[in-house]
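Working notes, beginning with the structure itself.
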Amino acid sequence: MNGMKVLRYVLWGLCGAVGIGLGVLAFRAFEQGTAPGQQISQAGKFGVPFSLVRHNGEPVDETLFEGKPSLVYFGFTFCPDVCPTTLTDMTVWADALGDDADRVNLVFVTVDPERDTAGVMSNYITSFSDRIIGVTGEPEAVKDMLRGYKVYFSKVPLEGGDYTMDHTAGVYILDRQGDFAGTIAYGASEADALAKIRKTLDRS
Amino acid sequence: MYALIKQAAVAATLLLFSSFAGSAHELKHGDLVLMHHWVRATPEKAPTSAGYLIIRNTGKTADRLASVESSIARKTEIHTMTMDGGVMRMRQLVDGLEIPAGGEVALKPGGEHIMFMGLNGQVEEGSDVTVRLNFEKAGPVDVTFPVQKKDNHMKHGTH
Numbered sequence: 000m001n002g003m004k005v006l007r008y009v010l011w012g013l014c015g016a017v018g019i020g021l022g023v024l025a026f027r028a029f030e031q032g033t034a035p036g037q038q039i040s041q042a043g044k045f046g047v048p049f050s051l052v053r054h055n056g057e058p059v060d061e062t063l064f065e066g067k068p069s070l071v072y073f074g075f076t077f078c079p080d081v082c083p084t085t086l087t088d089m090t091v092w093a094d095a096l097g098d099d100a101d102r103v104n105l106v107f108v109t110v111d112p113e114r115d116t117a118g119v120m121s122n123y124i125t126s127f128s129d130r131i132i133g134v135t136g137e138p139e140a141v142k143d144m145l146r147g148y149k150v151y152f153s154k155v156p157l158e159g160g161d162y163t164m165d166h167t168a169g170v171y172i173l174d175r176q177g178d179f180a181g182t183i184a185y186g187a188s189e190a191d192a193l194a195k196i197r198k199t200l201d202r203s
Numbered sequence: 000m001y002a003l004i005k006q007a008a009v010a011a012t013l014l015l016f017s018s019f020a021g022s023a024h025e026l027k028h029g030d031l032v033l034m035h036h037w038v039r040a041t042p043e044k045a046p047t048s049a050g051y052l053i054i055r056n057t058g059k060t061a062d063r064l065a066s067v068e069s070s071i072a073r074k075t076e077i078h079t080m081t082m083d084g085g086v087m088r089m090r091q092l093v094d095g096l097e098i099p100a101g102g103e104v105a106l107k108p109g110g111e112h113i114m115f116m117g118l119n120g121q122v123e124e125g126s127d128v129t130v131r132l133n134f135e136k137a138g139p140v141d142v143t144f145p146v147q148k149k150d151n152h153m154k155h156g157t158h
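Note that the protein sequences, when read in sequence, are chains D and Z.
108 is the number that numbering that gives the first Met the number 0 gives to position 109 of the first sequence; each next residue is one higher, with no gaps.
74 is the number that numbering that gives the first Met the number 0 gives to position 75 of the second sequence; each next residue is one higher, with no gaps.
What follows is the structure in structure tokens.
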């Protein structure tokens, strides 16, 4: 009889452990965006409605992506390397478009809304180009938007209480309806990037 | 005679300049040759920056860049960056970076880099940043990294 009792405790213990495990998994799935490696396979209807703020503090919603094509980068200002490189690239592409530069939106959406407030974004972006529109907002609202645009993001703790973000790199190209039209991979040549941007512009 | 002196002067000047140019791009430290070192200029109030260089090991045994130090940031660490299915991931290399015997390791944008976290101030283009590189075998060396907006060496060829 005593043996049965021990077994019962062990089983209940196991149930508890599994429950905690499932809870952790569910929480992690909730914290993260789209699964890594999940690519957008085809052009077409894209994104979700959102209500966020620009780096200058003004409200912004999904109509930001309507009227002209957009180049959208999802990153964070704490990022030392890939993000500044990409924002610089976007500025270079816009300059290379010459008169057509005004026909494209350049957008930088943060994947780290906790640290990237409108003030932080504003400070950061303006050192690259006046053309770039920064997007941030309430952390949960930003995360919903990121998931809606199939962006992967995950908070990764570093030593001493710091953290970094894993996130989808590369620039999204949206057409003038705000629908997905392609991507420019990190490290793509200027010629390749411009060819893709021009193709989208020609269709608009 | 005058022409000879002039030629000698020109030759000496050229020699001087070439040696300066050499020292600006290459530093010898034991068996190691350090090249193309630069630190990324940052926007005002930016929290982080990154440093890059190429380390060539001309020796017969492997060495290791074990740690890095600087006074410009709260933390100076060796980090790696990987692209995995379009996702960027950055991690600290706690064990440092091996420099294989007879080999070369490039810390460059989009890959391994020196990570400056919690900058004490803006890292301005045209200034210098001193970083101490601690090598397991070759020992520590202080290197002056010029601050640049982008990799000026890229256009000279591939590395």
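In this text, a Cβ means the ideal position worked out from N, Cα and C, and glycines have one as well.
Going by the DSSP bridge assignment, what does residue i pair with across the sheet?
i	result
residue 114 of chain Z	Z:49, Z:76
residue 190 of chain D	BP columns for residue 190 of chain D are empty, so no partner.
residue 162 of chain D	D:156
residue 128 of chain D	Answer by DSSP bridge pairing: none, since residue 128 of chain D is not bridged.
residue 69 of chain Z	Z:130
residue 147 of chain Z	Z:39
residue 56 of chain Z	Z:31
residue 167 of chain D	Z:86
residue 98 of chain Z	Z:62
Start and end of the alpha helix (DSSP H) containing residue i?
i	result
residue 94 of chain D	81-96
Flag this pair as yes or no: are the beta carbons of residue i and residue j separated by less than 7 angstroms?
i	j	result
residue 53 of chain D	residue 47 of chain D	no
residue 79 of chain Z	residue 90 of chain Z	yes
residue 100 of chain Z	residue 61 of chain Z	yes
residue 128 of chain Z	residue 71 of chain Z	yes
residue 252 of chain D	residue 165 of chain D	Missing from the structure shown is residue 252 of chain D; chain D here goes from 0 to 203 and no further.
residue 75 of chain Z	residue 134 of chain Z	no
residue 133 of chain D	residue 107 of chain D	yes
residue 75 of chain D	residue 109 of chain D	yes
residue 68 of chain Z	residue 131 of chain Z	yes
residue 44 of chain D	residue 175 of chain D	no
residue 146 of chain Z	residue 122 of chain Z	yes
Starting from residue i, trace the beta strand (DSSP E) in both directions and tell me its first and last residue.
i	result
residue 63 of chain D	Run containing residue 63 of chain D: none; DSSP gives neither H nor E here.
residue 27 of chain Z	25-28
residue 143 of chain D	Note, residue 143 of chain D: premise wrong, no beta strand (DSSP E); alpha helix (DSSP H) at 138-147.
residue 104 of chain D	104-109
residue 74 of chain D	69-74
residue 103 of chain Z	103-106
residue 51 of chain D	50-53
residue 33 of chain Z	31-39
residue 121 of chain Z	From DSSP, residue 121 of chain Z is part of no beta strand (DSSP E); its letter is neither H nor E.
residue 92 of chain Z	Taken as a continuous stretch (DSSP letters only), residue 92 of chain Z belongs to no beta strand (DSSP E), as it is neither H nor E.
Is there a Cβ of chain Z sitting closer than 7 angstroms to that of residue i, yes or no?
i	result
residue 104 of chain D	no
residue 166 of chain D	yes
residue 177 of chain D	no
residue 77 of chain D	yes
residue 109 of chain D	no
residue 191 of chain D	no
residue 121 of chain D	no
residue 84 of chain D	yes
residue 80 of chain D	yes
residue 169 of chain D	yes
Could one say the Cβ of residue i lies closer than 7 angstroms to chain D's Cβ atoms, at least one of them?
i	result
residue 67 of chain Z	no
residue 158 of chain Z	Confidence at residue 158 of chain Z is low in this model, with a pLDDT of 40, below 50, so its placement is unreliable and no value can be given for it.
residue 86 of chain Z	yes
Output yes if chain C places a C-beta closer than 7 angstroms to the C-beta of residue i; else output no.
i	result
residue 91 of chain D	The structure shown contains no chain C; the protein chains it does contain are D and Z.
Return yes when the C-beta of residue i is under 6 angstroms from any heavy atom of the ligand PLP, and no when it is not.
i	result
residue 137 of chain Z	With respect to small molecules bound, the structure shown includes none, and the ligand PLP cannot be examined in it.
If you measure beta-carbon to beta-carbon, which residues of the region 25-49 of chain Z are closer than 7 angstroms to chain D?
-> Residues passing the 7 angstroms Cβ filter: 39, 42, 43, 44, 45, 46, 47, 48, 49.
Going along the chain, which residues of the region 97-110 of chain Z sit with their C-beta nearer than 7 angstroms to a C-beta in chain D?
-> Per Cβ criterion, the list reads 108, 109.
Check distances from the C-beta atoms of the region 133-148 of chain Z to those of chain D and list, in chain order, the residues that come in under 7 angstroms.
-> Taking 7 angstroms as the upper bound on Cβ-Cβ separation, chain D lies near no residue of the region 133-148 of chain Z.
Quick one: which residues of the region 146-167 of chain D get their C-beta closer than 8 angstroms to a C-beta of chain Z? List them in chain order.
-> If you check each beta-carbon in the region 146-167 of chain D against every beta-carbon of chain Z, the ones closer than 8 angstroms belong to 151, 155, 157, 158, 159, 161, 163, 165, 166, 167.
Below 9 angstroms between beta carbons is the criterion; list the residues of the region 123-139 of chain D that meet it against any residue of chain Z, in chain order.
-> If the cut-off is 9 angstroms between Cβ atoms, the region 123-139 of chain D has 123, 124, 125, 126, 127 near chain Z.
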